[in-house]
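Protein chains in written order, with my numbering: chain H, 1 to 305; chain S, 306 to 742.
Even glycine gets a Cβ: it sits at the ideal position worked out from N, Cα and C.
Worksheet: one structure, shown below.
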């Protein structure tokens with residue numbers, strides 16, 4: 001037996017088809033206007049969880065980049081201070097050589113001693129350099145200046161702790177510069193470090209005796225050279241850490257690019273494809289309307305008289 | 306043996322009457338073409354008992370039976386009860402799937418993912434705030450933003466949890482409204498019981514109650530959306546209706562037994578609502594998973610933030626930031642300006658809480674996806690079975706118009722037969738035996 005087709009069936013299926021065509025267009029329209037293919041988790045459950053994970057790791061990469069950039073600025077500030085200290089220490093070396101040539105009178109030596117003393121304070125001032133309000137040479141005690149100004153106040157006030165910047169999951173770079181290991185704790189400690197050496201030089205120059213001058217050009221100069229070498233090491237170290245951070249920034253930026261791409265692959269709509277889908281759905285809708293309009297009007301009643 | 310003279314008039318009259326009833330039935334069909342639940346009716350025509358004539362033939366003495374016309378034996382509705390049962394089974398499935406899909410869709414919206422307002426974004430912002438604090442451990446502003454971001458995470462957890470609870474409570478409310486004394490189940494069951502009574506009386510009076518049966522079937526269709534319906538046809542014409550997994554029949558004769566206890570196995574909308582409202586249902590499961598996220602978040606952060614717990618509470622509803630900005634810890638004891646604690650907490654990004662949350666979102670998403678596709682499939686099946694039913698029972702206007710013409714012609718022809726008969730009798734009565742007058 002062939003299936004009977006009743007008026008209500010025709011009306012019902014026409015309406016259902018038009019409705020379905022509209023639903024499909026609505027969905028595609030949403031994709032087009034938002035540019036996303038995942039509008040809610042049920043569109044692609046696994047994709048939605050991937051979006052969450054990828055978005056978070058993208059935010060994480062931004063944090064790592066920020067941290068590394070701030071570490072680089074920190075180290076640039078530190079390098080500037082170290083270069084200053086190096087420069088003035090070289091000046092001390094010149095002065096020491098000048099003092100040792102034996103043609104200086106008492107007052108000349110006093111003048112040289114004054115300058116060395118001045119330089120000692122400059123070194124301590126450079127050590128108190130700040131980055132974003134933090135003392136960068138005080139270990140983790142970033143709220144405390146590493147050295148106080150003034151003679152006899154050469155003891156290091158900071159600590160041995162180190163500051164780190166996270167540059168990747170589970171990986172951080174130590175950005176503390178161990179300047180205190182070069183400057184030491186002054187004459188009172190007799191540690192032979194830069195401040196101790198500078199104070200000793202000043203003291204010997206003021207004494208001015210041939211033995212003292214000989215000590216200046218001998219033991220003191222040698223100690224100064226050792227200190228300068230240590231300073232150069234610290235400078236080189238800071239440079240190496242800066243390079244490490246620069247590499248980290250480049251790597252993080254690469255990762256950002258690939259993660260953004262992955263995220264886009266998962267959640268972004270392929271506009272060209274969606275637009276084509278939309279126009280084919282539009283045609284389907286148009287066809288459903290046309291067919292509906294003509295079939296709903298047709299009836300035997302039109303032909304009976 | 307001869308034939309009664311006026312028999313021909315009676316025969317033609319039976320034709321007129323029968324065709325008229327058939328036209329009336331067609332008219333009834335046309336007027337109810339758009340009536341919900343209406344089944345087309347057919348006037349079943351049947352020949353009248355014939356007149357027996359013994360020895361009609363004078364030559365061989367053989368008898369014959371002379372037809373005496375037509376009458377309408379019954380007016381019957383065209384209905385397939387097998388399709389009714391199938392429709393109701395599928396309709397219960399559709400009711401359950403639609404309800405499930407709608408409610409889960411609401412739960413999905415409560416999570417508001419993926420978006421910049423969802424928990425995942427708040428969590429990410431929280432880790433970023435810690436990372437910023439690690440770069441500037443002594444900054445008051447960075448500490449304040451850690452506390453703010455933490456508070457936002459806690460608020461979002463509260464909000465999502467509260468919405469899930471509301472959806473669950475609404476499911477229970479909806480169930481109570483439908484099953485309550487003024488709810489749909491009771492109203493429908495009462496009408497079915499009344500119709501049962503009327504149908505029984507009609508049948509006792511030997512009248513086929515087509516329209517009453519249609520109304521009863523329509524009510525059963527509506528009831529089947531709410532729960533599984535099993536109909537037993539009794540000999541006296543009443544329907545005994547078993548509903549959901551209730552212990553007693555909902556309707557038996559003219560008796561309604563309601564309210565009765567149902568479980569989530571009741572099927573239909575009510576079964577789905579019970580499942581959603583139950584402590585083992587999907588909504589409760591989501592709340593449990595959200596609590597796990599809150600618990601993991603609190604315990605992992607607190608394990609690193611050792612000076613004083615950063616979060617208090619270990620459920621989605623109770624979690625809160627327990628520290629002021631000044632109490633935010635960036636480093637271990639004795640190292641106030643260090644940043645190792647902040648670094649470690651920022652390093653929790655992508656860890657337990659986030660992974661649990663991403664898994665929860667995937668779970669919610671696939672639940673909604675499968676509920677939606679269940680609903681779409683159920684809708685397709687119901688539409689298909691409904692179409693089959695329509696194909697059998699629905700009114701086709703073209704068909705009715707054709708019938709109308711057929712019966713109209715039949716009526717006209719019967720009238721013409723009557724006229725012929727009348728002319729014959731006129732000849733016999735008025736013109737016979739008058740020759741030569």
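Start and end residues, alpha helix (DSSP H) containing residue i
i	result
residue 615 of chain S	That residue, residue 615 of chain S, is in no alpha helix (DSSP H); it is neither H nor E in DSSP.
residue 278 of chain H	271-297
residue 340 of chain S	Looking at the DSSP string, residue 340 of chain S is not in any alpha helix (DSSP H), and its letter there is neither H nor E.
residue 678 of chain S	657-698
residue 501 of chain S	489-509
residue 459 of chain S	445-484
residue 382 of chain S	No alpha helix (DSSP H) holds residue 382 of chain S; the beta strand (DSSP E) holding it covers 375-382.
residue 739 of chain S	Taken as a continuous stretch (DSSP letters only), residue 739 of chain S belongs to no alpha helix (DSSP H), as it is neither H nor E.
residue 535 of chain S	No alpha helix (DSSP H) holds residue 535 of chain S; the beta strand (DSSP E) holding it covers 534-538.
residue 223 of chain H	221-267
residue 387 of chain S	386-416
residue 216 of chain H	Careful: residue 216 of chain H lies outside any alpha helix (DSSP H) and carries neither H nor E.
residue 84 of chain H	45-99
residue 426 of chain S	424-440
Integer-rounded CB distance, given that residue j should sit under 8 Å from residue i
i	j	result
residue 186 of chain H	residue 199 of chain H	6 Å
residue 391 of chain S	residue 697 of chain S	Actually they do not touch by this definition, with Cβ atoms about 12 Å apart.
residue 58 of chain H	residue 250 of chain H	Their Cβ separation, rounded to whole angstroms, is 17 Å, which puts residue 58 of chain H and residue 250 of chain H out of contact at 8 Å.
residue 645 of chain S	residue 141 of chain H	Incorrect: roughly 14 Å between the Cβ atoms, too far for contact.
residue 558 of chain S	residue 572 of chain S	Not a contact, Cβ separation roughly 24 Å.
residue 237 of chain H	residue 193 of chain H	At roughly 17 Å, the Cβ-Cβ gap does not stay under 8 Å, so residue 237 of chain H and residue 193 of chain H are not in contact.
residue 304 of chain S	residue 687 of chain S	Because chain S spans 306 through 742 in this model, residue 304 of chain S falls outside it and cannot be assessed.
residue 454 of chain S	residue 422 of chain S	Residue 454 of chain S to residue 422 of chain S, Cβ: 14 Å. No contact.
residue 137 of chain H	residue 177 of chain H	6 Å
residue 14 of chain H	residue 266 of chain H	In fact, because the Cβ distance is near 38 Å, the residues do not count as touching under 8 Å.
residue 77 of chain H	residue 129 of chain H	6 Å
residue 588 of chain S	residue 581 of chain S	6 Å
Nearest-angstrom Cα separation, counted from residue j out to residue i
i	j	result
residue 278 of chain H	residue 42 of chain H	21 Å
residue 75 of chain H	residue 152 of chain H	29 Å
residue 720 of chain S	residue 321 of chain S	7 Å
residue 410 of chain S	residue 541 of chain S	46 Å
residue 375 of chain S	residue 327 of chain S	12 Å
residue 159 of chain H	residue 214 of chain H	36 Å
residue 399 of chain S	residue 684 of chain S	6 Å
residue 1 of chain H	residue 389 of chain S	In this prediction, residue 1 of chain H scores a pLDDT of 44, lower than 50, which makes its location untrustworthy; the coordinate-derived value is nonetheless stated afterwards. Approximately 20 Å, taken between the alpha carbons.
residue 368 of chain S	residue 358 of chain S	5 Å
residue 313 of chain S	residue 372 of chain S	10 Å
residue 600 of chain S	residue 270 of chain H	39 Å
residue 494 of chain S	residue 553 of chain S	13 Å
residue 429 of chain S	residue 679 of chain S	35 Å
residue 701 of chain S	residue 4 of chain H	8 Å
residue 20 of chain H	residue 610 of chain S	55 Å
residue 497 of chain S	residue 12 of chain H	27 Å
residue 298 of chain H	residue 703 of chain S	10 Å
Residue span of the beta strand (DSSP E) that contains residue i, given as start and end
i	result
residue 360 of chain S	Here residue 360 of chain S belongs to no beta strand (DSSP E), and DSSP marks it neither H nor E.
residue 174 of chain H	171-174
residue 548 of chain S	544-548
residue 369 of chain S	369-371
residue 165 of chain H	164-168
Residue i - partner residues in DSSP beta bridges
i	result
residue 350 of chain S	S/377
residue 26 of chain H	Answer is none; residue 26 of chain H lacks a bridge partner.
residue 280 of chain S	The displayed coordinates of chain S run from 306 to 742. Any statement about residue 280 of chain S would go beyond what the structure contains.
residue 560 of chain S	S/557
residue 36 of chain H	H/268
residue 130 of chain H	H/135
> When Cβ atoms are compared, which residues of the region 157-168 of chain H fall closer than 8 Å to chain S?
Replying inline: 159, 161, 163, 164, 165, 166
> Using Cβ-Cβ distances below 7 Å, what residues of the region 542-570 of chain S are close to chain H?
Replying inline: none
> Going along the chain, which residues of the region 699-723 of chain S sit with their C-beta nearer than 8 Å to a C-beta in chain H?
Replying inline: 699, 700, 701, 702, 703, 704, 706, 707, 710
>> Beta carbons nearer than 8 Å to chain S: which residues of the region 263-286 of chain H have them?
In response: 267
> Mind listing which residues of the region 122-144 of chain H have their C-beta closer than 8 Å to chain S's C-betas, in chain order?
Replying inline: 132, 133, 134, 140, 141, 142, 143
>> Beta carbons nearer than 8 Å to chain S: which residues of the region 5-17 of chain H have them?
In response: 5, 6, 7, 8, 9, 12, 13, 16
>> Please list, in chain order, the residues of the region 390-408 of chain S that have any C-beta partner in chain H closer than 7 Å.
In response: none
>> What are the residues in the region 43-54 of chain H lying within 9 Å of chain S by C-beta distance?
In response: 43, 44, 45, 46, 47, 48, 49, 50, 51, 52, 53
>> To be precise: take each residue of the region 657-668 of chain S, compare its Cβ to all Cβ atoms of chain H, and keep it if any distance is under 9 Å. Which residues remain?
In response: 659, 660, 662, 663, 664, 665, 666, 667, 668
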